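Residue numbers (my numbering): 4 to 436. All residues carry an ideal CB built from backbone N, CA and C; glycine is no exception. In this text the structure is predicted, and so the values were computed from the model without any measurement.
Here it is as structure tokens:
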């Protein structure tokens, strides 16, 4: 056969090749008008597109993103170190409203303030705003853990909106819905943070995933996991992956000191380390350390120390006025501050130093106005008219420093940001240099 015949379908020949070689001309295919190309169809499509856009705008206008302002900043260059010794005097450098912070919040080279619905990151030395995050919801409380600010917002009946912000830049790093009650406080131990409440505790890990819930769960999936859902809670403390709480349960004349794992195998199935009966219903959990817990018994006027397994170790008599003993702290958290050597407990009229090893009482300073803070190797206690500078090991007063507080006579909580000393007076944070 000749190899010059007409190309086969698989030979790669084209219609032009066929025509050139004398083959038949290609067949012309006549197009058909689309049935969707009429004017009314184009109008309907346009109206549908407009409706989709309008629906998106309505959703956006009512969303949390629409009602949120987020202004971030580069991280700070660094916070200057504290001086080698406590200065001879302190003067006000700046002040800012901060009703939502129970104590001054300072972390990652930033002072975090919270007021109304706005959280701000400020330069410690000047108070200038570096970043801000605001919502059209009121703040319940603001704290810090893991060098991040934690802002808890009120929505509906409770404090259910939790936002985590990088404290250095203000960038949002996580956001979750929670079930915290109004008046909640944040209790952290370096690894977990717990929201306090009268009927429910929630514990979160550093990505705001819930690791534990204890109490009356609002949307309970499985019944029977909570051991005593009808109890009410008093004070709360935390240490080393454990959460302690005073339980006041129906039918009991006394209370329970219950210590829970911050991260049980299942978040909705709390795991108790122990639950120790206490003789007084008004008992208060003062503090926790890895070595144990300290509980105040107001009627007996005693501080009772328990070891890490819940066994009573010893009791110390307390020479405190009745007003100190009966005082119920706001938010379920006793006013304490942890330092390198001691946990400092403000009783209401004086400050007691408790060992960080096992909470054994070390010394007491009278006529204080807050738990104070550690600064430049010393302990600074707020007193009327200024500050008492004490040796943290012995409690001896080294000297006092006058501070003008513009007539403020209420309690004072304190913190430090490098060389800056921070005081919360009423609803304001005041920076001293």
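Inset, instruction - From the DSSP output, in three-state form, read off residue 326 for me. - result: The answer is helix: DSSP assigns residue 326 an H, G or I state.
Inset, instruction - Tell me whether residue 356 counts as near the ligand HEM, meaning its Cβ is closer than 7 Å to at least one heavy atom of that ligand. - result: What this structure holds is no ligand at all, so the ligand HEM is not there to describe.
Inset, instruction - Put residue 66 into one of helix, strand or coil per three-state DSSP. - result: Its pLDDT being 48, under 50, residue 66 is placed unreliably by the model, and the measurement read from it follows with that caveat. Residue state, collapsed to three classes: coil.
Legend entry - Of the residues 305, 311, 302, the one placed nearest residue 264, counting alpha carbons only: Closest in alpha carbon position to residue 264, among 305, 311, 302, is 311.
Inset, instruction - Give me the Cα-Cα distance between residue 341 and residue 232, rounded to the nearest whole angstrom. - result: Distance between the alpha carbons of residue 341 and residue 232 is about 32 Å.
Legend entry - Inside the segment 315-367 only - beta strand (DSSP E) runs reaching at least 3 residues: Along the length of the segment 315-367, whole beta strand (DSSP E) runs at least 3 residues long occupy 315-320, 339-341, 345-349, 353-358, reported in chain order.
Inset, instruction - Buried or exposed for residue 72, please, with buried defined as at least 16 other CB atoms from any protein chain shown within 10 angstroms of its CB. - result: Its Cβ having fewer than 16 others within 10 Å, residue 72 is exposed.
Inset, instruction - Put residue 93 into one of helix, strand or coil per three-state DSSP. - result: It is coil, neither helix nor strand.
Legend entry - According to DSSP, residues forming a beta bridge with residue 73: Answer is 136, bridged to residue 73.
Inset, instruction - Could you spell out where the beta strand (DSSP E) holding residue 383 opens and where it closes? - result: For residue 383, the enclosing beta strand (DSSP E) stretches over residues 381-386.
Inset, instruction - Just mark residue 221 as buried or exposed, buried being the case when its beta carbon has 16 or more other beta carbons within 10 Å. - result: Exposed, because fewer than 16 other Cβ atoms sit within 10 Å of the Cβ of residue 221.
Legend entry - Pair within 8 Å by beta-carbon distance, residue 150 and residue 206: No. Outside cutoff.
Legend entry - Strand pairing of residue 165, partner residues [DSSP]: Residue 165 has 155, 179 as its beta-bridge partners, per DSSP.
Inset, instruction - Please work out which residues of its chain come closer than 6 Å, Cβ to Cβ, to residue 240, disregarding the five sequence neighbours upstream and downstream, and give them in chain order. - result: Here the set comprises 247, 288, 290, 291.
Inset, instruction - Look up residue 218 in the DSSP assignment and say whether it is helix, strand or coil. - result: Correct three-state label for residue 218: strand.
Inset, instruction - With DSSP as the reference, label residue 174 as helix, strand or coil. - result: Correct three-state label for residue 174: coil.
Legend entry - Assigned secondary structure, residue 239 (DSSP; H/G/I helix, E/B strand, else coil): Reduced to three states, the DSSP call for residue 239 is strand.
Legend entry - Residues near residue 164 in its chain [Cβ-Cβ closer than 6 Å; skip 5 each side]: Once the five neighbours on either side are set aside, the close Cβ partners of residue 164 are 156, 158.
Legend entry - Per DSSP, the bridge partner or partners of residue 272: The partner list for residue 272 (beta bridge, DSSP) is empty, contrary to what the question assumes.
Inset, instruction - Answer yes if the segment 165-183 comes into contact with the segment 115-124, meaning at least three C-beta pairs across the two stretches below 8 Å, and no otherwise. - result: Judged by Cβ distances under 8 Å, the segment 115-124 makes contact with the segment 165-183, as three or more pairs qualify.
Legend entry - Residue range of the unbroken beta strand (DSSP E) whose run includes residue 408: Counting along the chain, residue 408 falls outside any beta strand (DSSP E), and DSSP gives it neither H nor E.
Inset, instruction - Give a yes or no on whether the C-beta atoms belonging to residue 99 and residue 426 are separated by under 8 Å. - result: No, the Cβ-Cβ distance between residue 99 and residue 426 is not below 8 Å.
Legend entry - Close Cβ partners of residue 327 (< 7 Å) along its chain, the five nearest in sequence each way excluded: Only residues of its own chain outside the window of five on either side were considered, and among them 350, 351, 352 have a CB closer than 7 Å to the CB of residue 327, listed in chain order.
Legend entry - residue 5 (DSSP reduced to helix, strand or coil): For residue 5, the predicted model reports a pLDDT of 38, less than 50, meaning its position is unreliable and no value from the coordinates is stated.
Inset, instruction - For residue 103, name the three-state secondary structure that DSSP assigns. - result: Here residue 103 sits in coil by DSSP.
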